[in-house]
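Asks:
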Amino acid sequence: MPIRVLLVDDHTLFRESLRKMLEKTGNIKVIAEADSGTVAIKLASLTRPDLILIEVALPGINGIDTTKKIISSFPKMKILALSSYSDKNIILKMYNAGAVGYLHKDCGFSELARAVKIINDNHIFIHESLATYAVETITKKPFNHKNENMLLYILTDQESRLLKLLVSGKSSREIGALMSITTKTVSAHKRNLMKRMKVKNFAELLKQSIKLGVTTIFAGDDI
685 MPIRVLLVDD HTLFRESLRK MLEKTGNIKV IAEADSGTVA IKLASLTRPD LILIEVALPG
745 INGIDTTKKI ISSFPKMKIL ALSSYSDKNI ILKMYNAGAV GYLHKDCGFS ELARAVKIIN
805 DNHIFIHESL ATYAVETITK KPFNHKNENM LLYILTDQES RLLKLLVSGK SSREIGALMS
865 ITTKTVSAHK RNLMKRMKVK NFAELLKQSI KLGVTTIFAG DDI
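Taking the working numbering, the leading residue of the sequence shown gets 685, the next gets one more, and so forth.
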């Protein structure tokens, strides 16, 4: 079944263009559109979409408060911000409100489509440029989303793949061959993973990964 999406943006032309692009994928269906937070709240209740794509800057009730209201009524509803705002405080407020993804409007459509799929699969998505900031802030101040099975670490696709290979017992040489990178690069990625996951050594990295065994937050990745 297609992913049922509610579009929320006060620019009609933008909504129409985005709807056409999303529906061309074949697995996404825009079931409703809203030009304000007030309308979005009503439509969220009436249509119960799988995912809401929302702009932060909305007339009347802004995207942050709209998200809070929707999540308070429907805690499991998935909300992805697609906004022109790049202010980190606003982005964090959006996550604290209950959003599970944030993208700038200057992102490519392929990245947006990927984010929709990832979020629909019960992961969290964040733009790659915000990954480091999110690690430093979200982990210190968890957002109020109700899904307790989400791990507050952000990994790119490559890092996520590397972690799975490490946990499966692959050697650095085997991982390098499978990922088409050098063993030196594998070692560098290991160090980066340990830093992101706040562990002191490789053994702790594996122990933490196996112990948690929960959803990973994905970052946009061009690799």
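Positions of the beta carbon are idealized from the N, C-alpha and C atoms, including for glycine. No experiment lies behind these values; they were computed from the predicted model shown.
When you compare each of Lys-772, Thr-696, Tyr-769 and Met-761 to Thr-731 by their alpha carbons, which one comes out closest?
Replies: Taking the sequence shown and counting its residues from 1, the one referred to as residue 731 is at position 47. Answer by Cα proximity: Met-761.
Asks: Which whole-angstrom value describes the C-beta separation of Thr-803 and Leu-764, a residue pair presumed to lie in contact below a C-beta threshold of 8 Å?
Replies: By 1-based counting over the sequence shown, the position of residue 803 is 119. By 1-based counting over the sequence shown, the position of residue 764 is 80. Here the sequence assigns Ile to residue 803, which means Thr is not the residue at that position. Going by Cβ atoms, the distance from Ile-803 to Leu-764 rounds to 6 Å, so yes, they are a contact pair.
Asks: What does the Cβ neighbour count give for Asp-771, buried or exposed, with the cut at 16 atoms within 10 Å?
Replies: Here residue 771 refers to the residue found at position 87 when the sequence shown is read from its first residue. Counting Cβ neighbours within 10 Å, Asp-771 comes out exposed, since fewer than 16 surround it.
Asks: Does DSSP put Leu-697 in a helix, a strand or coil?
Replies: Numbered from its first residue, the sequence shown carries residue 697 at position 13. Note: Leu-697 maps to helix in three-state DSSP.
Asks: Among Gly-860, Arg-798, Ser-871 and Lys-879, which one has its Cα closest to the Cα of Thr-709?
Replies: By one-based count along the sequence shown, residue 709 stands at place 25. The residue with the shortest Cα to Cα distance from Thr-709 is Arg-798.
Asks: Residues in its own chain within less than 6 Å of Ser-720 by CB, not counting five upstream and five downstream?
Replies: Against the sequence shown, residue 720 aligns to sequence position 36. Same-chain partners within the cutoff: Leu-742, Pro-743 and Gly-744.
Asks: Do the stretch 776-783 and the stretch 748-755 touch if we need at least three Cβ pairs shorter than 8 Å?
Replies: Touching, yes.
Asks: Give the range of the beta strand (DSSP E) segment to which Ile-725 is assigned.
Replies: For this step, residue 725 is matched to residue 41 along the sequence shown. Premise fails: Ile-725 lies in the alpha helix (DSSP H), 721-731, not in any beta strand (DSSP E).
Asks: Using DSSP with H/G/I as helix, E/B as strand and the rest coil, what is Tyr-779?
Replies: Counted from its first residue, the sequence shown places residue 779 at position 95. Three-state DSSP puts Tyr-779 in a helix.
Asks: Pull up the distance between the alpha-carbon of Arg-703 and that of Thr-867, whole angstroms please.
Replies: Stepping through the sequence shown from its first residue, residue 703 is reached at position 19. Stepping through the sequence shown from its first residue, residue 867 is reached at position 183. So the alpha carbons of these two residues sit roughly 44 Å apart.
Asks: Roughly how many angstroms lie between the CA atoms of Phe-698 and Met-863, to the nearest whole one?
Replies: As a working mapping, residue 698 is identified with position 14 in the sequence shown. As a working mapping, residue 863 is identified with position 179 in the sequence shown. Looking at the two C-alpha atoms, the distance is approximately 38 Å.
Asks: To the nearest angstrom, how far is it from the Cα of Lys-789 to the Cα of Met-878?
Replies: Here residue 789 refers to the residue found at position 105 when the sequence shown is read from its first residue. Here residue 878 refers to the residue found at position 194 when the sequence shown is read from its first residue. The straight-line gap from Cα to Cα measures roughly 32 Å.
Asks: Just reading off the alpha helix (DSSP H) that Gly-785 is part of, what are its end residues?
Replies: Within the sequence shown, the letter at position 101 stands for residue 785. Looking at the DSSP string, Gly-785 is not in any alpha helix (DSSP H); the run it does join, the beta strand (DSSP E), is 785-788.
Asks: Taking all protein chains shown into account, decide if Gly-792 is buried (16 or more other Cβ within 10 angstroms of its Cβ) or exposed.
Replies: Mapped onto the sequence shown, residue 792 falls at position 108. Per the 10 Å Cβ criterion, exposed.
Asks: Alpha carbon to alpha carbon, how far is Leu-796 from Leu-787? Give it in angstroms, no decimals.
Replies: To locate residue 787, count along the sequence shown from 1; it is residue 103. To locate residue 796, count along the sequence shown from 1; it is residue 112. Each residue's Cα considered, the two are about 8 Å apart.
Asks: List the endpoints of the continuous beta strand (DSSP E) containing Lys-753.
Replies: Translated into the one-based positions of the sequence shown, residue 753 becomes position 69. Element bounds for Lys-753: not the beta strand (DSSP E) but the alpha helix (DSSP H), 747-757.
Asks: Under 7 Å between the Cβ atoms of Ala-718 and Val-740?
Replies: Translated into the one-based positions of the sequence shown, residue 718 becomes position 34. Translated into the one-based positions of the sequence shown, residue 740 becomes position 56. No, the pair does not count as a contact, with Cβ atoms beyond the cut-off.
Asks: May I ask you to list the residues that DSSP assigns as paired with Val-689?
Replies: Start at 1 with the first residue of the sequence shown, and residue 689 comes out as number 5. Per DSSP, Val-714 and Leu-735.
Asks: Could you pull the start and end residues of the alpha helix (DSSP H) that Ile-802 belongs to?
Replies: The residue labelled residue 802 in the question sits at position 118 within the sequence shown. Segment 793-804, the alpha helix (DSSP H) holding Ile-802.
Asks: Is Thr-750 near Ala-724, with beta carbons less than 7 Å apart?
Replies: Against the sequence shown, residue 750 aligns to sequence position 66. Against the sequence shown, residue 724 aligns to sequence position 40. In this structure, Ala-724 lies closer than 7 Å to Thr-750 by Cβ.
Asks: Short of 7 Å in beta carbon distance, which residues of its chain neighbour Leu-735, apart from the five on each side in sequence? Order them along the chain.
Replies: To locate residue 735, count along the sequence shown from 1; it is residue 51. Same-chain partners within the cutoff: Ile-687, Val-689, Lys-762, Leu-764, Val-800, Ile-803 and Asn-804.
Asks: State the Cα-Cα distance for the pair Ala-854 and Lys-884, rounded to the nearest angstrom.
Replies: Mapped onto the sequence shown, residue 854 falls at position 170. Mapped onto the sequence shown, residue 884 falls at position 200. Before going on, a small fix: residue 854 reads as Lys here, not Ala. If you take the alpha carbons of Lys-854 and Lys-884, they lie about 20 Å apart.
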